[in-house]
Amino acid sequence: MPDETKSPTPPSTGEPKGPAGSHTPPSVEPVPAQKPGDTAAVPNSAVPGAVPKASAHAPAAPAKPAPASQPWNSPLVDRLKRQYGSGLEAHTYLGQNYFVADFSLIPEALTVLRDQEQFDYCVDITAVHYPEREKQFDLIWILYSHPLNERIRVKACIADGASVPSVVSIWPTANWLEREVFDMFGIRFDGHPDLKRILLPDGWKGHPLRKDYGIIQQDNEWVQINLGIESGQ
Amino acid sequence: MQPVATTFFFYLLSGLALLGGVLVITRRNAVHSALALILTLLALAGLYLMLYAPFVAGVQIILYAGGIMVLFLFVIMLVSIEQSQKQEQFNQFWLIGLIAAVALGGMFTGMYVKGAARLPQHALRLPEQSNTQQIALMLYGNYMFAFEIASLLLLVAIIGAVVMAKRKI
Amino acid sequence: MPEATKYLSHLELGEPDKTFLDSNELIINMGPQHPATHGVLRVILKLDGEKVLGTECVIGYLHRGVEKIAENRTYTMFNPYVDRMDYVAAVSNGLGYCEAVEKLLSIQAPPRANYIRVILTELNRLASHMLWLGTHALDIGAITPLFYTFRDREEILKIFEKYCGARLTTHAFRIGGCQYETYEGFEKDVTNFLKFVAPKIDEYEELLTTNRIWVERTRKVGFISAQDCIALGVTGPVLRASGVKWDLRKAQPYANYSEFDFEIPTGQNGDTYDRYLVRMQEMRQSLRIIEQGVGKIPEGPIMAKVPKVIKPPVGEIYHSIEAPKGELGYFIVSDGSTQPYRLRVRPPSFVNLQALDMMVRGQLVADVIAVIGTLDIVLGEVDR
Amino acid sequence: MLDYITSYLTSNVTPGQAGNVLWAFIYILLIFLGLSVAVIAMNWLERKVLAHMQVRLGPMRVGPHGLLQPIADAIKLLIKEDIMPAEADKVVFWAAPLLVVITAFTVFIVVPFGPTHAVTDMNIGILFMLGVSSLSVLGVVMAGWASNSHYPLMGALRSSAQMVSYEIAMGLAVVSAILMTSLGQASTGTLSMIGIVEAQQAQQTWFLFKFFPLGLIACFVFAVAMVAETNRAPFDLPEAESELTAGFHTEYSGFRWSLFFLAEYSAMIAVSSIAVTLWLGGWLRPFPTWLSGDTWDLVFSLFPGFTFLMLAAVTFFNTARMPRHPYFRIQTLGLAGFGALLAVIGIVLFIPPVRDRIQDIFWFSAKVAAFMYLYIWYRGTFPRYRFDQLMKVGWKVLLPIALGVLILTAVVGVF
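Chains as they are written, first to last, in this note's numbering: chain A, 342 to 574; chain B, 363 to 531; chain C, 20 to 403; chain D, 16 to 430.
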């Protein structure tokens, strides 16, 4: 049922290159009093008043005025920017911080985040599919630091068919999470010890969380062979 | 107390023992062989009872049928049956086996034909009640030394088994 | 079992003890239908005698594609679906989802709703832990605690039923507040329940905590260190039993947990016994939270001002709560329409289950059962 | 002929010793029937007692208070499809339950329910019991292997290892009790079951209290070992539901399975009988020295009757509590009838000749029942041991204790 899949409008935050030039890294600007703990652990403080309205350099916001992503300034960002320059952008949205990293930085920046910035806990790895974009997938690593009590996300855009370096060697928990991303999106991870489907049966065709995979679509052939029924619907 | 149907039980038990023995060597499945061996052992225990040796019969059941054969089965069960079934049963030892069987048969026949005179005229009647005590007296009196040697031997076997099975003790 | 061998071929399995009497490796297929796997979990065990050399979990038997469904439902329509993931802690699931969407909408539930939410969530945590205790004890062979915990869990479910009509898949919360106003006598029911259940928890502990066999079966079984926990992303009581004092209710308070006074119980040894103790303590802490909350429910609306059609602005949000099993996170990408563009659930059971292999290697088959029990997984959440 | 039948009644030996085949046969029949009834009753009691321990009601539907539930279950099992796995070893699969059930029933021919109430008295009675009950391991092993499946095989391995290990501690504990028969003033060393009880009578004490606390420890060792020997909680690893689904009888169903069930329960009764015979004075009434004299003898001989009357009273009380609804009429009547039956039995037990012959059986059964209750209690209380822990308990705890008790008993007895 292809008509069920939505025509996605890529969210502004997903555009890695578009507005990048407009907000240059404000490393010189003194940004006081924004402790990491505060930024991440915003309990219910994300009321509309607390977050400033869409700033000038934000990308074209949707019709409704809403809080948009803003540059995120912190010593952590400064350090990383110094290391990686423009390959890395830092944003904050509703009090949640995230990096948009260039695909080429991927295993390296994450290793640095774990080893030098104490992000010792990989909460989740997931992906989002934008079929209309050139680089179809956003791959998202959600990281948490136990010592700092801070949560960040790292996002990278990758093209369909590209393989991503696996982070299993950085966070062992990535093993099943990457398998799930592979299962659902078909993104391959290089260096994964055992990349195979995890939730769907081994012989299944297709990757259901891609947008071009219909909601009631299924691998009829598999169902007929393995379950002996005409269709699972 | 008068024994009941002695002859009948003697032949029944002997027959069972023989049947079990034949099954032990003819079955291809090792577990079946072991089970047939148990049948033989139980029949022998019955024969001991008929000989007024209840203690020996009891020990036969506890040790052989209940203890040793369980361990036998234990080991056999872990061996792949399919493999052992494919193997040839009557292998190169058939000649030796034949010679042994013939020799043993000859001895028995000779005993039956000529030895009758050397045996006591009627079977020994052991008093039933004191059978256990008699065995104890024999073991711990006359054959004390042999008994202790045997138990030492078993101890050595136990230690050896432990050493072989465990690398670190 | 050639089919099972295929699964294990990649594992770097430990070699069996090389001794004079080498034993054969045995591959055993535990599940998907097995009384101790708590659902349709299939664990393929490679054994040396009774010692576990390696495991492989085969999951997905209960996969319903919740994340795909979410992309095709509106935010409101999807709300009941989350109850079906961790079906023994449906209230927690709902809380996490509602709060995530609220965050995306930049609205906040009113205080009264927050209090009700906390009370119901903590009741749900109690129910979940009780279910865990009963089944865990049953796996280890103690059948009696199961009936005790089910008797007491029943009281919680009755409160849920009176509140929202459902016992298990409650759908108690709405985006922006609570589905229903509390019923007449809600506070009294909860207070009575608190009085009723506190001695019952002592009763469970009496049966198990100092039971020699229980201690022998659980102590030094399924050990996992704090480092390994963090590296494997293990959260919840399992992490706390390894000595990490980390609870999202304290670390990054949501709802109005910051207004409550409670402790985070931790263990030191990271074994099954410590996890048992931690969960027992958590049950008492939950009682404390409910006790504080039930007297203080403020008057006021139970719903924030929420637009009729929920259309969050373009953006993405990750919000996580401390579910009974661990960190339950929702990552929502909105494209400005009425349906989430992408909704990802970070399931604690799924991630915790990954630690099974590490925890049971070198242990005995019976310990696998104990460890599956102590991980407290719900297959509905593992497979989603 | 009539003389042949009645002559035994006046004798004071067991039918086996009297050589009276007819009475031996009658006794065998009686024991078989009594045992079957006991197993059925035990089944109902276990479910009921366990249920009440676990805050539930247990069977309530079939018959008043589920009294007919075991019978319904038995019928269900008999008419259930009897499945034999295609890959199973047919002969062994068929023979295993038979072997188990035969051994479980055979041991009862030497169990002394009273000074004359046994099929026969062997001079190796206790040895015979241990020997034949050790044969049941074979049945378990055969069942596990013949099923040709992993779980039963593992269950069988576990259970055979367990039974063989605990037999040793059990045997040593038994030996220390046998040693006691030959010590003290009445020096009649014997292995005969009746002889052991008579030795306790002659020594005026149950062996439980002899050489305090040696007898007690030996009895304790035996009581633990016998639970392991019968594969019951907390040593029910061979049937560990959560690990091996059902252990060695996973592949069995219907009638064959019920044979295993029957054998398990009669084995429980058998080992309890051994314990009662060896340590609790068998058929002897309690307090033989404390409360001696004709008056007390009379009082204790009235116990069986009163017990049944009390059970009848409980039944009548529950009859009165039955819901007054036409739907329950048959059940209420049934319960009242059951109570009446109990009351009649109680009254019959007061008749002096019956009383005198029955009271031995009553005391023996009461003691066995106490052990059976312990079995249920364990099951409701304890988690399950792990296999290595089980072996540790057997070899490193029970065996040394039993050895020590044996040596100490010998030492204390001689000096």
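Cβ atoms here follow ideal geometry from the backbone N, Cα and C, with glycine treated the same way.
Open item on the list: If we require 4 or more residues per run, which alpha helix (DSSP H) segments fall completely within the stretch 268-316 of chain C?
Closed with: 291-313
Task: Collapsed DSSP secondary structure at tryptophan 109 of chain D in the structure displayed - done: helix
TODO: Just grab the DSSP bridge partners of isoleucine 47 of chain C for me.
DONE: C/Leu64
Task: Beta-carbon gap between valine 236 of chain D and leucine 187 of chain D smaller than 9 Å - done: yes
Task: Assigned secondary structure, glycine 262 of chain C (DSSP; H/G/I helix, E/B strand, else coil) - done: coil
Task: Spatially closest choice to proline 488 of chain A from A/Gln437, A/Asp531, A/Glu458, A/Ala442, by CA coordinates - done: A/Glu458
Open item on the list: Give me the subset of the stretch 169-187 of chain D whose CB atoms are less than 7 Å from a CB atom of chain C, sorted by chain position.
Closed with: none
TODO: Output yes if chain A places a C-beta closer than 9 Å to the C-beta of isoleucine 249 of chain C; else output no.
DONE: yes
Open item on the list: For valine 393 of chain B and leucine 435 of chain B, what's the separation of their Cα atoms in angstroms?
Closed with: 7 Å
- [ ] Output the distance between the C-alpha atoms of glycine 352 of chain D and phenylalanine 331 of chain D, rounded to the nearest integer angstrom.
- [x] 9 Å
Open item on the list: Within 10 Å of its beta-carbon, does isoleucine 387 of chain B have 16 or more other beta-carbons around it, so buried, or fewer, so exposed?
Closed with: exposed
- [ ] In angstroms with no decimal places, state the Cα-to-Cα distance between tryptophan 294 of chain D and glycine 146 of chain D.
- [x] 19 Å
Task: methionine 178 of chain D burial status per 10 Å Cβ neighbour count (16 or more: buried) - done: buried
Open item on the list: Between isoleucine 521 of chain B and chain D, is the shortest Cβ-Cβ distance under 9 Å, so that the two count as touching?
Closed with: no
Open item on the list: Determine, for glutamate 61 of chain D, whether the minimum Cβ-Cβ distance to residues of chain C falls below 9 Å.
Closed with: no
Open item on the list: Using CA atoms only, rank isn't needed, just tell me which of B/Phe507, B/Phe509, B/Gly468, B/Val432 is closest to isoleucine 400 of chain B.
Closed with: B/Val432
Open item on the list: Just to confirm my understanding: we take valine 209 of chain C, look at its own chain, exclude 5 residues before and 5 after, and list those with CB closer than 7 Å. What are they?
Closed with: Ile138, Ile178, Ile309, Val313
Task: Bridge partners - isoleucine 481 of chain A, DSSP secondary structure assignment - done: A/Thr467, A/Lys496
Open item on the list: For serine 287 of chain D, tell me which candidate among D/Met144, D/Asp403, D/Asp375, D/Gln346 has the shortest Cα-Cα distance.
Closed with: D/Met144
Open item on the list: Using 9 Å as the threshold, is the C-beta distance between leucine 398 of chain C and glycine 115 of chain C below it?
Closed with: no
Task: Closest by C-alpha distance to lysine 422 of chain A, when choosing among A/Tyr434, A/Leu454, A/Asp461 - done: A/Leu454
Open item on the list: Give me the chain A residues within the contact set of phenylalanine 192 of chain C, using Cβ-Cβ distance strictly less than 9 Å, ordered along the chain.
Closed with: Those within 9 Å of phenylalanine 192 of chain C in chain A number zero; the least Cβ separation is about 15 Å.
Open item on the list: Among C/Leu362, C/Gly252, C/His338, C/Ile159, whose alpha-carbon lies nearest the alpha-carbon of leucine 372 of chain C?
Closed with: C/Gly252
TODO: Could you tell me whether the Cβ atoms of valine 297 of chain C and arginine 259 of chain C are closer together than 9 Å?
DONE: yes
TODO: Could you please give the first and the last residue of the uninterrupted alpha helix (DSSP H) stretch that includes lysine 87 of chain C?
DONE: 85-90
- [ ] Measure from the C-beta of glutamate 400 of chain C to each C-beta in chain A and report whether the shortest distance is under 9 Å.
- [x] no
Task: Exposed unless 16 or more other CB atoms sit within 10 angstroms - verdict on phenylalanine 5 of chain D - done: Absent from the structure is residue 5 of chain D, since the part of chain D shown begins at 16 and ends at 430.
Task: Pairwise C-alpha distance: arginine 307 of chain C and alanine 402 of chain A - done: Here alanine 402 of chain A scores only 37 on pLDDT, less than 50, and its place in the model is too uncertain to base an answer on.
- [ ] Determine the direct distance from the alpha carbon of phenylalanine 212 of chain C to that of glutamate 282 of chain C, and round the result to whole angstroms.
- [x] 21 Å
Open item on the list: Classify lysine 14 of chain D: buried if its beta carbon has 16 or more other beta carbons within 10 angstroms, exposed otherwise.
Closed with: No information on residue 14 of chain D is available, as it lies outside the stretch 16 to 430 that chain D covers here.
- [ ] Pair every Cβ in the stretch 368-377 of chain D with every Cβ in the stretch 203-219 of chain D, then say whether three or more of these pairs are closer than 8 Å.
- [x] no
- [ ] Note the first and the last residue of the continuous beta strand (DSSP E) segment covering histidine 432 of chain A.
- [x] 429-434
Task: Backbone CA spacing between arginine 271 of chain D and threonine 265 of chain D [nearest angstrom] - done: 11 Å
Task: DSSP three-state assignment for glycine 355 of chain C, whether helix, strand or coil - done: coil
Open item on the list: With a threshold of 7 Å on Cβ separation, who are the neighbours of alanine 217 of chain C within its own chain once the five nearest residues in sequence on each side are excluded?
Closed with: Leu306
Task: the stretch 199-207 of chain C in contact with the stretch 150-168 of chain C per 3-pair CB rule at 8 Å - done: no
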